[in-house]
């Protein structure tokens with residue numbers, strides 16, 4: 001069963017006031033809208049309520065390491081290179097999982113042919129040659145047939 005949210009400061013103050021008025025824990029729980037157990041736990045020790053350290057394995061991913069990984073990911077490197085760059089003390093799979101949780105998606109880039117210098121000059125020549133063309137001239141030179149033309153069979 002999941003943990004409920006901790007009591008807010010407003011709820012804590014209300015519980016203390018109702019307890020001072022002499023209401024039972026059951027009545028306070030009904031009034032505040034929380035369980036009897038949380039009321040009991042709060043009234044046992046109000047000063048230290050919600051300060052108990054939770055148990056469990058400590059996180060490998062610190063906030064500083066998280067920032068370093070997110071910066072390194074923009075350099076287009078693999079998981080193991082990110083691990084080496086950041087000095088992370090965790091596995092590459094942990095890094096990948098962390099990045100997925102932060103909204104990054106590992107997609108392979110689309111392979112496209114390189115744009116060589118000859119391609120650039122050809123594009124520039126084409127642009128200079130057709131710079132002064134108007135719409136009518138473009139319509140006449142179009143490679144695709146217009147809707148009124150019938151394809152040749």
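Residue numbers (UniProt numbering): 1 to 153.
In this text, a Cβ means the ideal position worked out from N, Cα and C, and glycines have one as well.
Close-in-space but distant-in-sequence residues of the same chain around residue i (CB under 6 Å, 5 per side omitted)
| i | result |
| --- | --- |
| residue 90 | 60 |
Three-state secondary structure assigned by DSSP to residue i
| i | result |
| --- | --- |
| residue 6 | coil |
| residue 28 | helix |
| residue 34 | coil |
| residue 111 | coil |
| residue 42 | helix |
| residue 21 | coil |
Presumed contact (8 Å Cβ cut-off) between residue i and residue j, rounded CB distance
| i | j | result |
| --- | --- | --- |
| residue 39 | residue 25 | 5 Å |
| residue 42 | residue 65 | Residue 42 to residue 65, Cβ: 36 Å. No contact. |
| residue 27 | residue 35 | No, residue 27 and residue 35 are not in contact; Cβ-Cβ is about 13 Å, not under 8 Å. |
Selection from the options that minimises the alpha carbon distance to residue i
| i | options | result |
| --- | --- | --- |
| residue 54 | 3, 34, 93, 19 | 3 |
| residue 107 | 127, 138, 132, 73 | 73 |
| residue 100 | 45, 47, 69 | 69 |
| residue 67 | 58, 98, 52 | 98 |
| residue 48 | 137, 12, 23, 112 | 12 |
Neighbourhood of residue i by C-beta, 7 Å cutoff - its chain only, sequence neighbours within 5 removed
| i | result |
| --- | --- |
| residue 79 | 92, 95, 96 |
Own chain residues within Cβ distance below 8 Å of residue i, not counting five before or after
| i | result |
| --- | --- |
| residue 154 | There is no way to answer for residue 154, as the model of the chain reaches only from 1 to 153. |
Does the structure place the stretch 114–126 close enough to the stretch 73–87 that three or more beta carbon pairs sit under 8 Å? Too few Cβ pairs lie closer than 8 Å, so no.
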